[in-house]
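Trainee: Position one of the sequence shown corresponds to residue 134 (my numbering), numbered consecutively onward. Using N, Cα and C, we set each Cβ at its ideal position, and we do this for glycine too. Dumping the structure here so I can ask a few things about it.
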Amino acid sequence: MNDYDVAVVGAGPVGSSFARQMAQKGFKVGLIERKKEVGVPLQCAGLVGEKIRNTNLLPEEFIMNKVYGAYLYSPSGTMLSVAKGEPAAYVLDRVAYDKFLAEQAVEEGADLLLNHRVNRVDIENGEIYVKDHGKISADVIVGADGQGSFVSSHMNPPSKTVQAAQYLVDMGSNVFNSDYVQLHVDSKVSPGFLWVIPISESMARVGLFADSSYQNLNQILKDFISTDKQFKGASVVKKYQGFIPRHDQKKKILNGRTILLGDAASQVKPTTGGGLIIGFKCAKMAADVVSNALDVGDIGLLQNYPKNYMKEYKKELRMQLEVQKIFGSMTNEELDRMFMKLKKGGAESMISEYGDMDTQSTLIKEMIKNGLLLSILPGIILKGLFNLWK
Ligand SMILES: Cc1cc2nc3c(=O)[nH]c(=O)nc-3n(C[C@H](O)[C@H](O)[C@H](O)COP(=O)(O)OP(=O)(O)OC[C@H]3O[C@@H](n4cnc5c(N)ncnc54)[C@H](O)[C@@H]3O)c2cc1C
């Protein structure tokens, strides 16, 4: 008899959400976390689209701010203003939210084993080994252990990641619109970008991600804060850093009785690096498949997890990878020209109407249909985007 029906490695938001759903369904769940305390240190901007309401629990107390729109800036400062007229996204207290999600898993009956670092996995036999604690056996192992996933290293070559850096900034007495997030593009960081995410009327998370070293990112962030006049008199309260996995369509997310979930499975949006909503959706998908496989007693049914994931996400993620490639190849002059053309072509109202933080294909389709993309992208690139829907 195994110790658990399911052993989940990693009590991040995605692993905890999966563990809660499995425990709710009546399975014996072990949630194994290397840290002494869930959720620390903060490694997130905490911005999620309002769709989170359909994908996970979100009590109001974890929402620090509601944002209604975004200001998108080109390198030389052309600004597109897009808004929904109602909250389009929430800024979360990620540390408290991660703790809440882990507590919910425990409340449903999962065992949360803190200070348990998994340092060996036997994928075939469903055994994991924890430093100083020994062996834990389970019918199914779930690697939800984040971007540097140890479990994934038993199934895949090392994951590719991009570096992220973020400051908590006290904006002082500056006039600052806390209803809008800001995204700044620049070829120095693209296909990454800089963000200013207000968490209150006077505090913001200011950060960026790029395929570069932390030292470079830190320098870019310092330059941004010292030259952009909205930060005059502002002060940096805290600095954070982290890694974001590059979405990898070839990643194996199932091997025998082991599956990968969340950042460990590179389930992140290629354009923004956001992994919460897609991770939560995949946690639900995985919980449905794993519970069915355990109920029927047929581990072979775990095959449905990668199948369902591909069915739901393949096209959207491929399209985002294409968009990311296009952005990554553009110079600052090209980015500026593109923003000007978008502004003139009425993109602000179109993005406001069809833009969605999580599903960008709807907007791209609309822009192709209306001819706006034709005016800014060479036909050959457009053809590539168009082919994605075939
Ligand atoms: C700077 C930054 C900003 C971001 N901003 C956003 C954003 O605004 N919106 C958004 O949606 N996403 C954002 N993300 C991405 C988001 O944070 C991740 O997608 C999300 O945390 C993934 O959750 P997870 O549960 O899969 O992994 P994680 O949150 O990484 O959790 C993995 C857990 O596994 C544990 N673990 C690792 N190895 C072991 C081991 N060997 N044994 C036991 N436990 C282990 C870790 O300690 C950790 O608790 C951002 C990321 C960064 C770095």
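1) Measuring CA to CA, which of Tyr137, Asp491, Tyr262, Gly461 is closest to Gly407?
2) Kindly examine ligand 1 and report whether one of its heavy atoms sits closer than 7 Å to the Cβ of Leu180.
3) Taking a contact to mean a Cβ-Cβ separation below 8 Å, would you say Ala156 touches Ala235 in this structure?
4) For the alpha helix (DSSP H) containing Arg227, name the first residue and the last one.
5) In this structure, does DSSP put Ser424 in helix, strand or coil?
6) Hey, would you say Ser150 sits closer than 8 Å to Ala416, going by beta carbons?
7) Could you check how far apart the C-beta atoms of Val370 and Asp278 are, in whole angstroms? I think they sit under 8 Å.
8) Determine the burial state of Asp138: buried for a count of at least 16 other Cβ atoms within 10 Å of its Cβ, exposed for fewer.
9) From Arg470 to Thr404, what does the alpha carbon distance come to, in whole angstroms?
10) Looking at Val314 and ligand 1, is the gap between the Cβ and the nearest heavy atom below 7 Å?
11) Determine whether the beta carbon atoms of Ser482 and Leu393 lie at a separation below 8 Å.
12) With hydrogens ignored, establish whether the beta-carbon of Gly279 is closer than 7 Å to any heavy atom of ligand 1.
13) From the DSSP output, which residues share a beta bridge with Leu475?
14) For Ser399, count neighbouring C-beta atoms within 10 Å of its own C-beta (all shown protein chains included) and say buried if the count is 16 or more, exposed if not.
15) CB Pro556 to CB Leu409, shorter than 8 Å?
16) Along the beta strand (DSSP E) that carries Asn198, what are the first and last residues, could you check?
17) Using the rule of at least 16 other Cβ atoms within 10 Å of the residue's Cβ for burial, across every protein chain shown, is Glu193 buried or exposed?
18) Label Arg153 either buried or exposed according to how many other C-beta atoms from any shown protein chain fall within 10 Å of its C-beta, with 16 as the threshold for buried.
19) Opposite Val171 in the DSSP bridges: which residues?
20) Starting from Ile459, trace the alpha helix (DSSP H) in both directions and tell me its first and last residue.
21) Where does the unbroken beta strand (DSSP E) through Leu247 begin, and where does it stop?
Mentor: For this structure:
1) Mapped onto the sequence shown, residue 407 falls at position 274. Of Tyr137, Asp491, Tyr262, Gly461, the residue nearest in Cα terms is Asp491.
2) Along the sequence shown, one-based indexing puts residue 180 at 47. At least one heavy atom of ligand 1 is nearer than 7 Å to the Cβ of Leu180, so yes.
3) Locating residue 156 in the sequence shown gives position 23, counting from the first residue. Locating residue 235 in the sequence shown gives position 102, counting from the first residue. It is not a contact, given that the beta carbons lie outside the stated cut-off.
4) Translated into the one-based positions of the sequence shown, residue 227 becomes position 94. Per DSSP, Arg227 belongs to the alpha helix (DSSP H) from 227 to 240.
5) Here residue 424 corresponds to residue number 291 of the sequence shown, with the count starting at 1. DSSP places Ser424 in helix when its eight states are reduced to three.
6) For the purposes of this step, residue 150 is identified with residue 17 of the sequence shown, where counting begins at 1. For the purposes of this step, residue 416 is identified with residue 283 of the sequence shown, where counting begins at 1. Closer than 8 Å, so yes.
7) Within the sequence shown, numbered from 1, the residue matching residue 370 stands at position 237. Within the sequence shown, numbered from 1, the residue matching residue 278 stands at position 145. Wrong, their Cβ atoms sit about 30 Å apart, outside the cutoff.
8) Residue mapping note: residue 138 aligns to position 5 of the sequence shown, counting from 1. Classification of Asp138: buried, given that the 10 Å Cβ count is 16 or more.
9) To locate residue 470, count along the sequence shown from 1; it is residue 337. To locate residue 404, count along the sequence shown from 1; it is residue 271. The straight-line gap from Cα to Cα measures roughly 20 Å.
10) Within the sequence shown, residue 314 is the residue found at index 181, counting from 1. Result no, Cβ not under 7 Å from ligand 1.
11) For the purposes of this step, residue 482 is identified with residue 349 of the sequence shown, where counting begins at 1. For the purposes of this step, residue 393 is identified with residue 260 of the sequence shown, where counting begins at 1. Contact: no.
12) Here residue 279 refers to the residue found at position 146 of the sequence shown. The answer is yes for Gly279.
13) Locating residue 475 in the sequence shown gives position 342, counting from the first residue. Paired residues: none, contrary to the question.
14) Translated into the one-based positions of the sequence shown, residue 399 becomes position 266. When all chains shown are included, Ser399 counts as buried.
15) No information on residue 556 is available, as it lies outside the stretch 134 to 523 that the chain covers here.
16) For the purposes of this step, residue 198 is identified with residue 65 of the sequence shown, where counting begins at 1. Taken as a continuous stretch (DSSP letters only), the beta strand (DSSP E) holding Asn198 covers 196 to 200.
17) Here residue 193 corresponds to residue number 60 of the sequence shown, with the count starting at 1. Classification for Glu193: exposed.
18) Here the question's residue 153 lines up with position 20 in the sequence shown. It counts as buried.
19) Residue numbering aside, residue 171 sits at position 38 when the sequence shown is read from its first letter. Beta-bridge pairing links Val171 to no other residue.
20) Translated into positions along the sequence shown, residue 459 becomes position 326. Run containing Ile459: 437 to 461, per the alpha helix (DSSP H) assignment.
21) For the purposes of this step, residue 247 is taken as residue 114 along the sequence shown, with counting starting at 1. It is not in any beta strand (DSSP E) - Leu247 carries neither H nor E in the DSSP assignment.
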